[in-house]
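In the numbering used here, the protein residues as written are 3 to 549.
Report on the following structure.
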């Protein structure tokens, strides 16, 4: 057999074996991803507090052009970080960022898609596993920068691009001159051009690695966008997912040049022999700089498509997290949306409380909520507020039934003094309350106020509180306020009264945490002092003064 034919056969065999090994390795990796994704399906969130600056990146970027439904102060009042930690089983950074944003902006279209996807994956375990496998491969990369790009912030411009055209061009020219002069035996010219070639090649290589350092600081976003496109391509091949996002496959097709172009940008490899050889070829033409500049242009030209992919992948991963969350709830329901600004719920519980007590409520008017200390007032109104957000953001509530009118949710609850801004507790409370009155008057909202204006003296507190309550009652918003001031329940302010109560059994205060109609009539502060071991002298004197 001729030597030439043997060489051809060897090359063919090597190519076939290499392809087989690559195929096997990819299949093995996909199988491992599938096993890992399967283990996550139906799992409860670990309650961890995520990297907030990273997770909130899409929300903050979107906030520049959109008005939120639920502001950060309200989320702080409701222990949102802990709540998010209970929901978040997202497998990608896109999912985490989108879910965090959705809980603030409450986009109705996204909510409907999340519900539809939850139903699909709940009814079809295979589709659910296929989806989770693809998402698991995308993974979580904190501080990836993609959210800023999606919301219109361009990639950093790479300056002096012309030099990166001249450097490789001069290297090639000197090489050609050296080769031609050597072939023609023009030795002096060959020697000079060879020296110039070495100098130009060295400078080219230095500029290549200098450029790479610059690229590493700004290319992470582009890389993660390319990964999202690849994940979206795989997801579009799942029949029931493509039915929810019918444009996804065509959008991915339009973005395929961008994905290929970003693939030419530097990777985060460990610098093995293959990468070193590849770097030499890349340095010859400065391909990474030109690939980056082209990627920057393509992203700008196809920004709406890039945003579509980001949202689609984010919604799908959010749906997987919501489905996991609801499967681990003891009670949940789909909300009902109505035209009247009212709240109605049966069997509602607080999503953060273990073994919670459920409550029913029919709130057709502004209400004043009273009750003794630790009787459940704050937990109740926080549960109402959280479920009102859940209903509009992710389409489920922790209740047997829950209905409301879609509107903004605003709270004034966990007020703290602000030493850095020079605000006392009462000043901080006034600022928080002013925010509620302004937003509540401007448009229909559901406003939740806990311990209204408790940071000042009794006389002015009651007067100011009565004035605020009257103002809110004249607004288009629904106001739910908790207070210890029984005097406010005796005013003719148009509010319905509800309360929580306690029982004293063998000298101990016991609570049932159930909502009841009417104003509270009992007090327990001094009894709680006794129960917590205060000096008998202090307790007795307090009882005498209270008579």
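Note that CB positions come from ideal geometry on N, CA and C, so glycine has one too.
How is residue i classed by DSSP in three states: helix, strand or coil?
| i | result |
| --- | --- |
| residue 372 | strand |
| residue 247 | coil |
| residue 326 | helix |
| residue 338 | strand |
| residue 171 | helix |
| residue 491 | helix |
| residue 51 | coil |
| residue 410 | strand |
| residue 465 | helix |
| residue 94 | coil |
| residue 104 | helix |
| residue 206 | helix |
| residue 377 | coil |
| residue 456 | coil |
| residue 46 | coil |
| residue 196 | helix |
| residue 485 | coil |
| residue 343 | coil |
| residue 270 | Interpretation of residue 270 is limited by its pLDDT of 45, a score under 50 that renders its predicted location unreliable; the figure taken from the coordinates is listed afterwards. Of the three classes helix, strand and coil, the one that applies to residue 270 here is coil, per DSSP. |
| residue 288 | coil |
| residue 474 | helix |
| residue 396 | coil |
| residue 354 | coil |
| residue 156 | coil |
Quick one: residues in its chain with C-beta nearer than 6 Å to the C-beta of residue i, no 5 flanking neighbours on either side, listed in chain order?
| i | result |
| --- | --- |
| residue 414 | 434, 435, 438 and 451 |
| residue 265 | none |
| residue 449 | 412, 438, 442, 479 and 481 |
| residue 185 | none |
| residue 137 | 93, 94 and 319 |
| residue 463 | 455 |
| residue 359 | 515 |
| residue 117 | 397 |
| residue 273 | In this prediction, residue 273 has a pLDDT of 46, which is less than 50 and means its spatial position is unreliable; what the coordinates show is noted afterwards. Nothing meets the Cβ criterion. |
| residue 108 | 71, 394 and 395 |
| residue 222 | 146 and 147 |
| residue 51 | 83 and 87 |
| residue 391 | 72 and 411 |
Kindly identify the DSSP beta-bridge partner or partners of residue i.
| i | result |
| --- | --- |
| residue 348 | 403 |
| residue 2 | Residue 2 falls outside the range modelled here, since the chain spans only 3 to 549, and no answer is possible. |
| residue 513 | 504 |
| residue 2 | This structure cannot settle anything about residue 2, because the visible part of the chain is limited to 3 through 549. |
| residue 480 | 448 |
How would you call residue i, buried or exposed, if buried means at least 16 neighbouring beta carbons within 10 angstroms?
| i | result |
| --- | --- |
| residue 190 | exposed |
| residue 127 | exposed |
| residue 49 | exposed |
| residue 378 | buried |
| residue 58 | buried |
| residue 326 | buried |
| residue 520 | exposed |
| residue 119 | buried |
| residue 340 | exposed |
| residue 332 | exposed |
Who are the Cβ neighbours of residue i in its own chain at under 8 Å, not counting the five residues just before and after it?
| i | result |
| --- | --- |
| residue 228 | 260, 261, 264 and 265 |
| residue 335 | 398, 399, 401, 402, 403 and 404 |
| residue 304 | 256, 257 and 260 |
| residue 475 | 368, 481, 495, 496 and 497 |
| residue 80 | 384, 387, 388, 391, 413 and 415 |
Considering only residues of the same chain and omitting the five flanking positions on each side of residue i, which have a CB-CB separation below 7 Å?
| i | result |
| --- | --- |
| residue 302 | 156 |
| residue 355 | 381 |
| residue 512 | 504 and 505 |
| residue 2 | The first residue shown for the chain is 3 and the last is 549, placing residue 2 beyond what the model contains. |
| residue 124 | 325 |
| residue 270 | Caution applies to residue 270, whose pLDDT of 45 falls short of 50 and renders its modelled position unreliable; the value that the coordinates give is listed next. The answer is none, since no qualifying residue turns up. |
Would you give the residue range spanned by the alpha helix (DSSP H) that residue i belongs to?
| i | result |
| --- | --- |
| residue 332 | No alpha helix (DSSP H) holds residue 332; DSSP gives it neither H nor E. |
| residue 360 | Neither: residue 360 is in no alpha helix (DSSP H) and is coded neither H nor E. |
| residue 86 | 82-89 |
| residue 537 | Note, residue 537: premise wrong, no alpha helix (DSSP H); not H, not E. |
| residue 76 | 74-79 |
| residue 114 | 110-125 |
| residue 226 | 222-238 |
| residue 67 | Careful: residue 67 lies outside any alpha helix (DSSP H) and carries neither H nor E. |
| residue 151 | 148-152 |
Between which two residues does the beta strand (DSSP E) carrying residue i extend?
| i | result |
| --- | --- |
| residue 426 | Looking at the DSSP string, residue 426 is not in any beta strand (DSSP E), and its letter there is neither H nor E. |
Are any of the Cβ atoms in chain B nearer than 8 Å to that of residue i?
| i | result |
| --- | --- |
| residue 149 | Considering every chain present, this structure includes no chain B. It has just one protein chain. |
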